[in-house]
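K.L.:
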Amino acid sequence: MKIHEYQGKELFRQAGVPVLDGIVATTPDEAAAAYEKLGGKIAVVKSQIHAGGRGKGTIIDNPKQHGVVLTKSADEARAAAEGLLGKKLVTIQTGPAGQTVNKVFVEAGCDIARELYLGIVLDRAVAKPVLMVSTEGGMEIETVAEKTPELIHKEHFDPAVGLEAYQVRKLCKKLGISGAAAKAAAKFMPAMCRFYVDYDCELAEVNPLVITGDNQMIALDAKITFDNNALFRHPDYTDLRDLAEEEESELRAGNAGLSYVKLEGNIGCLVNGAGLAMSTMDIIKYHGGQPANFLDVGGSANTEQVTEAFRILLSDPNVKGVLVNIFGGIARCTTIAGALIEASKTVGFDVPLVVRLEGTEVEEGRKMLAESDVDVINATDITDAAKKIVAATGV
Amino acid sequence: MSILIDASTKVICQGITGSAGKFHTLGCRDYGTQLVGGVTPGKGGQDVEGIPVFDTVEEAVAETGADATMIFVPPPFTADAILEALDAGIKVIAAITEGVPVIDMVRVYEKVRASDAVLIGPNCPGLITPGQCKIGIMPGYIHNPGKVGVMSRSGTLTYEAVWQTSALGLGQSTCVGLGGDPIVGTSFIDLLKRYQADDQTEAILMIGEIGGSAEEEAAAFVKEHVTKPVAAFIAGRTAPPGKRMGHAGAIISGGKGTATEKVAALEAAGITVAPTPADMGQAVVDAMKG
Chain P
0 MKIHEYQGKE
10 LFRQAGVPVL
20 DGIVATTPDE
30 AAAAYEKLGG
40 KIAVVKSQIH
50 AGGRGKGTII
60 DNPKQHGVVL
70 TKSADEARAA
80 AEGLLGKKLV
90 TIQTGPAGQT
100 VNKVFVEAGC
110 DIARELYLGI
120 VLDRAVAKPV
130 LMVSTEGGME
140 IETVAEKTPE
150 LIHKEHFDPA
160 VGLEAYQVRK
170 LCKKLGISGA
180 AAKAAAKFMP
190 AMCRFYVDYD
200 CELAEVNPLV
210 ITGDNQMIAL
220 DAKITFDNNA
230 LFRHPDYTDL
240 RDLAEEEESE
250 LRAGNAGLSY
260 VKLEGNIGCL
270 VNGAGLAMST
280 MDIIKYHGGQ
290 PANFLDVGGS
300 ANTEQVTEAF
310 RILLSDPNVK
320 GVLVNIFGGI
330 ARCTTIAGAL
340 IEASKTVGFD
350 VPLVVRLEGT
360 EVEEGRKMLA
370 ESDVDVINAT
380 DITDAAKKIV
390 AATGV
Chain S
0 MSILIDASTK
10 VICQGITGSA
20 GKFHTLGCRD
30 YGTQLVGGVT
40 PGKGGQDVEG
50 IPVFDTVEEA
60 VAETGADATM
70 IFVPPPFTAD
80 AILEALDAGI
90 KVIAAITEGV
100 PVIDMVRVYE
110 KVRASDAVLI
120 GPNCPGLITP
130 GQCKIGIMPG
140 YIHNPGKVGV
150 MSRSGTLTYE
160 AVWQTSALGL
170 GQSTCVGLGG
180 DPIVGTSFID
190 LLKRYQADDQ
200 TEAILMIGEI
210 GGSAEEEAAA
220 FVKEHVTKPV
230 AAFIAGRTAP
240 PGKRMGHAGA
250 IISGGKGTAT
260 EKVAALEAAG
270 ITVAPTPADM
280 GQAVVDAMKG
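If you're matching them up, the sequences are chains P and S in order. Using numbering that gives the first Met the number 0, read the first sequence as starting at 0 and increasing by one per residue. Using numbering that gives the first Met the number 0, read the second sequence as starting at 0 and increasing by one per residue.
1. Quick check on S18/S - is its C-beta less than 7 Å from some C-beta in chain P?
2. Reducing DSSP to helix, strand and coil, say where P74/S ends up.
3. Taking DSSP as the reference, what is the three-state secondary structure of T211/P?
4. Can you tell me which residues form a DSSP beta bridge with P144/S?
5. What's the gap between the Cα of E149/P and the Cα of A164/P?
6. So is I102/S in contact with chain P if we call contact Cβ pairs under 7 Å?
7. Using the three-state DSSP reduction, which class does P228/S fall into: helix, strand or coil?
8. Identify, in the order they occur along the chain, each residue of the same chain with its Cβ nearer than 7 Å to the Cβ of R243/S, setting aside the five sequence neighbours on each side.
9. Taking DSSP as the reference, what is the three-state secondary structure of N227/P?
10. Taking CB distances under 7 Å as the criterion, tell me whether L82/S reaches chain P.
11. By the DSSP assignment, the beta strand (DSSP E) with K102/P in it spans what residues?
12. With distances taken from CA atoms, which of D54/S, V284/S, T16/S and V10/S is nearest T164/S?
13. So L169/S packs on G145/S, CB below 8 Å; how close in whole Å?
14. Give me the subset of the region 88 to 100 of chain S whose CB atoms are less than 7 Å from a CB atom of chain P, sorted by chain position.
15. Just checking, does the region 377 to 390 of chain P make contact with the region 188 to 196 of chain S on the three C-beta pairs under 8 Å criterion?
16. How far does the beta strand (DSSP E) with H23/S in it extend, from its first residue to its last?
17. With contact counted as at least three CB pairs below 8 Å, one residue from each stretch, are the region 154 to 164 of chain S and the region 212 to 222 of chain S in contact?
18. Which residues in the same chain as A6/S place their Cβ atom closer than 7 Å to its Cβ, once the five residues preceding and following it in sequence are excluded?
19. Check this for me: beta carbons of V132/P and L170/P, under 7 Å apart or not?
20. Count the other C-beta atoms from every protein chain shown that fall within 10 angstroms of the C-beta of N228/P, then say buried if there are 16 or more, exposed otherwise.
21. Report the neighbours of S114/S on chain P: residues whose CB is nearer than 8 Å to its CB, in chain order.
22. Cβ closer than 8 Å: which chain S residues qualify as neighbours of F348/P?
23. Counting only beta-carbon atoms, is G211/S nearer than 7 Å to chain P?
24. Taking only the alpha-carbon atoms, compute the straight-line gap between Y30/S and F22/S and give it to the nearest angstrom.
25. Please report whether the beta-carbon of F194/P lies at a distance below 7 Å from any beta-carbon of chain S.
26. Whole angstroms is fine: what's the gap from V149/S's alpha carbon to P17/P's?
27. Assuming P121/S and G178/S make a contact with CB atoms under 8 Å, what is their CB distance in whole Å?
28. Would you say R236/S and A263/S are within 7 Å of each other, going by their C-beta atoms?
29. What are the boundary residues of the beta strand (DSSP E) that includes P128/P?
30. Rounded to a whole number of angstroms, what is the C-alpha to C-alpha distance between Y285/P and K40/P?
31. So is H155/P buried or exposed if we call it buried at 16+ other beta carbons inside 10 Å?
32. To be precise: take each residue of the region 224 to 256 of chain P, compare its Cβ to all Cβ atoms of chain S, and keep it if any distance is under 8 Å. Which residues remain?
33. Which residues, taken in chain order from the region 357 to 381 of chain P, show a beta carbon closer than 8 Å to some beta carbon of chain S?
34. Run through DSSP, which three-state label would M216/P get?
35. May I ask you to report which of helix, strand or coil DSSP gives S7/S?
36. Would Y194/S be called buried (16 or more neighbouring beta carbons within 10 Å of its own) or exposed?
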């Protein structure tokens, strides 16, 4: 689960990670008022969307309007907010359609001496969280990792203990930080590591992390993703969720307990199991088609879930045909067949439907489909299924 | 022979009185597994269709001599259940539960790796030595005793592979579902070592997916240490970057963990890679021909 920068900074503040003062605004007037209230000579108006690259990103049809604007008066702050709010911002992470800016964060300025990078993720290879820092603040860290990996410095840490003092010293040495700034780092870095663990983050990234003229260390950005599996420990996160940022069909699927990812193609897929769902997409592509989605109905899908799955698939106007691929293990083929018949009554299919059933109670399941009045193209195996749906959708 | 489990393995189920735990406990017993007991705190003294329930794993082990467990307890309690099994001296721990917070697994992983126990999962279908012992949620009847060691990060895709190898008359030695999470107890490499040393296993089928670097590490290991034929399949060639494909671990992040990279690493190590999920069984046949 992702949250906005302004929300992340509020959590940083609670956790003792230094941030600047800032006020969130949803109208140009609020942005102007926020500027006045902050009382500085400058303020930065920042688009709040769940995607990175906002500073370089621009508003659709207005390439001069960047997603982050430095302002020097309340009027400028108002104008910046006017140029952003309600508009679609396109960044390297949003795709060409962009994402609508519904909020801006008006933040006080500061005297920046150096810009660094700091990020914490899980290192799967060693099964430990890793703190990464770099002198290349403000850059895309993926680019740095590719072109100059030697500029990224890493320290793994034990979640129960946190970052040790010597680890901070090692990192400071590599970053060329000493004196008062190193003292600031000795507080900032362990505080970020504690934050990562205590808040059950999947990613906690500060880019840029700045050192000010008076040697303070401040989080100028906050990119936080929480571990979805740990949400039960944080009931308060519900309030942080911004549904406007999420794909509507993915949201619906999530509510129905389905795992769904929308893609660009025209062949809808309904599969049980994540690995099989992924490889079903792969084999469609292999035979010349384009999958419209990833959809895993899970091991114990019931009639309601399968019906909702069909509704979601068919609500995508791109979908010109549907491939159902079920390997009944725990989920019985009869359950799926029954759900399919029920769904065809309540949802109605007007596109070709190819069904491949295998596994537990397969004969009974096939018989149920054959005896129903659902118009099904039967497939004997995955290859057959993929070829038939590609042919039926006329690609 | 086989790896990890066989007809002599004695199994308990942690979370036996929950609906999933009960259903699959009985399914495993029907398959022929020695299902000797279950654990649900506070329900000791009861029984589930004749299978005794204990309050603690320690008690269950003392009373039944169990050396393996399958865990169905809900995600908030899974890490604790694994640690309890470890503490009680259980040697094979299969955590079926999906949705365990990853930071919990950091803690558990370190303790498991420091012990001589093996953790399979979490978020996995379990493991099976066909005809001898089934620990988990896979449909038993698709398996046949045979020569292929099957290991996979996915559940239903494993069933597909098992189905194909059974249809080709190869059968399976032991099939292990490693789990779909970012941190799982056992890696491909751990199992490659065991399959290589196992007499019954004549070929190995590895089913990977996008995300992480487990397949690349396994490829390097195969090149150096595995003399038996190895075939592989990677799911997710069409998966877009940055999107989680069902499994918490199946995500391409920062341009890393793509199927293309993995396939290249596998092929470079001399592994036969199936082009589509329909060709997994055939890839094993091809690999065995050399």
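Ideal Cβ positions, reconstructed from N, Cα and C, are used throughout, including at glycine. Because the structure is a prediction, the values reported are computed rather than measured.
P.N.:
To lay it out plainly:
1. no
2. helix
3. strand
4. Q171/S
5. 22 Å
6. yes
7. coil
8. A249 and I250
9. helix
10. no
11. K102/P -> no beta strand (DSSP E), and no H or E assigned at all.
12. V284/S
13. 5 Å
14. G98, V99 and P100
15. no
16. Here H23/S belongs to no beta strand (DSSP E); instead the alpha helix (DSSP H) covers S18 to Y30.
17. no
18. Q131 and C132
19. yes
20. buried
21. Residues of chain P passing the Cβ test: none, with the nearest at roughly 15 Å.
22. Ordered by position in chain S, no residue passes the 8 Å Cβ test against F348/P, which lies about 24 Å from the chain.
23. yes
24. 13 Å
25. no
26. 51 Å
27. 6 Å
28. no
29. K127 to S133
30. 59 Å
31. exposed
32. D226, N227, N228, A229, F231 and R232
33. E357, G358, T359, D380 and I381
34. strand
35. coil
36. buried
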